[in-house]
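J.: Using the working numbering, the first residue of the sequence shown is number 172, and each one after it goes up by one.
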Amino acid sequence: MTGAAVLLLDAAGPESVALARAAAERGHPVHAATTAADGQPPVPELAGQVVTDFARPDRAVEEITAYARRRSVGAVLTANEYLTELAALVCAGLGLPGNDPALAHAARDKMAMVNVLTAAGVRVPYTRLVHDDTGLHDALADPAVGFPCVIKPVRGAGSAGVTVVTSPAEAAAAADTARMARGQYSGESAAGILVQAYAAGDEYSVESVTQDAVTTHLAVTRKAVTCGARRVETGHSLPVRLLPATEAAVRREVDAAIRAVGIRHGASHTEVIITPDGRCTVIEIAARLGAGHIGLLVQHALGIDVSAALLDVALGRPAAINPTAHGHATVRFITSPHAGRLTSLIGFPKRGPGVPFVRWRAAIGSSVNAAGVNADRLGCFVVTGPDAAEVEQQADTLARQIRVQIDPPAPGGPDQLNSASRSAIAP
């Protein structure tokens, strides 16, 4: 018997593929809302699609809801950071389980996010919204900002346009980088940029699923991040065991953040900084599953099929989100030390026991960028096993065996891609 139709907002990328396969395997026809500007082929499981313009949300909501009604759609989901607000509006229009449409913008607009989190008592970095050079000067002179500080776009993703600034001399270039960052869709640009106090500590994320406003935290993920002005995630490991008092503090902050941005049905990915004394600061929250293969890590380490769980949440059915395994999983990303042309790759791992997933994205001979945003990552591999220390050791060993040769760009050759303009959340 065929189940209710499922509609994905954007049907490209590994997380969308996983959602589509979970639905198709359970007998649900899979449809998608796409845009001609996506530039990526949709997943092969599609029974149909509606092409709309995500940069015009009012029109997109109208066209998507009309299509969904004609196809008797019973669930709407997205794994795309830029479409979570649209998903909330579509779900509200169709009367399907979704997030609060009046608050959903706060999981996308980072100034609105700071405001609603602060009002909810969540610890967040002090943040100023800046519209011009005078505002930038005033923000940098604010003792509550200080140095280092972070300059970033209001509605960015995937580290696009984010710079850690250590002195006033670096601020103008960082502000230009933030202004140049554009969302996946042309309508995503927002007026102004953010100047934010730097939160020192170790970086983690919390992966959660909320159903009927009740939240279950699946795992805490430790992040490895590059140093310097541009910060790119180079690894995720889960689950992380925190000290009980620290874990309780993290849960309090994350629970409050989830409520504050109106997440009622679906996944959330909350990035936090934890200081050595156990204080937790929420940096950002997204109303989606964490990218960078975090769902795959959860499945291998904890036995939770996150895609199937999110499908059930969207359909209004009880979701299976209790661990059935107690292992460990890590993903390591490979980046280029500088811009140039990739001429050789040696020692990249192969899929096998304990290494369930490998992916290399850059073709030999292609131009590559130094790591400036997550989309600059060249490839990745996943290591899993029952013991956290052994998994991490094996991943380190495999990473040390990889050798990439990057030749400098040829004089007069084509310029490298502008990292600030490529804002996808890359796997």
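Backbone N, C-alpha and C define an ideal beta-carbon position, used for all residues, glycine too.
Count the other CB atoms within 10 Å of the CB of L414; is the residue buried (16 or more) or exposed (fewer)?
T.: exposed
J.: Hey, out of T506, E455, P520 and A263, whose CA is closest to D142's CA?
T.: Look at the range of the chain in this structure, 172 to 598, and you will see that residue 142 is not part of it.
J.: Using 8 Å for Cβ pairs, my map puts A541 next to P508. What's the rounded Cβ distance?
T.: A541 to P508, Cβ: 7 Å. Contact.
J.: Along the chain, where does the alpha helix (DSSP H) containing C262 start, and where does it finish?
T.: Segment T255 to L265, the alpha helix (DSSP H) holding C262.
J.: Does the separation of the CB atoms of N336 and P319 fall below 8 Å?
T.: The sequence shown places Val at residue 336, rather than the Asn named in the question. Closer than 8 Å, so yes.
J.: For V553 and S338, I'd like the C-alpha separation in whole angstroms.
T.: Between the C-alpha atoms of V553 and S338 there is a straight-line separation of about 38 Å.
J.: Using a 10 Å radius around the Cβ and a threshold of 16 neighbouring Cβ atoms, would you call Q367 buried or exposed?
T.: With 16 or more Cβ atoms within 10 Å of its Cβ, Q367 is classed as buried.
J.: Please state if the CB of V177 and the CB of A244 are separated by a distance shorter than 8 Å.
T.: Per the sequence shown, the amino acid found at residue 244 is Val instead of Ala. Yes, the pair counts as a contact, with Cβ atoms nearer than the cut-off.
J.: What residue range does the alpha helix (DSSP H) around T305 cover?
T.: D304 to A312
J.: Is it right to say L179 is buried, meaning 16 or more other beta carbons lie within 10 angstroms of its own, or is it exposed?
T.: buried
J.: Considering only the alpha carbon of each residue, which of E378, A416 and T334 lies closest to G399?
T.: T334
J.: Between Y238 and the rest of its own chain, which residues show a CB-CB distance below 6 Å, the 5 nearest in sequence each way excluded?
T.: V221
J.: Who are G406's beta bridge partners in DSSP?
T.: A395 and R503
J.: My guess is that I369 and T392 are in contact by the Cβ rule of under 8 Å, so how many angstroms apart are they, rounded?
T.: Inspection of the sequence shows that residue 369 is occupied by Tyr rather than by Ile. Wrong, their Cβ atoms sit about 21 Å apart, outside the cutoff.
J.: Taking the straight line between their C-alpha atoms, what separation do you get for L467 and V477?
T.: 8 Å
J.: Specify, as a first and last residue, the run of the alpha helix (DSSP H) that V425 falls within.
T.: P415 to A431
J.: Using CA atoms only, rank isn't needed, just tell me which of A175, A204, C262 and G329 is closest to G437.
T.: C262
J.: Can you grab the Cα-Cα spacing for the pair R503 / V529, in whole Å?
T.: 10 Å
J.: Reducing DSSP to helix, strand and coil, say where P598 ends up.
T.: The predicted model places P598 with a pLDDT of 46, which falls under 50 and marks its position as unreliable, so this point remains unresolved.
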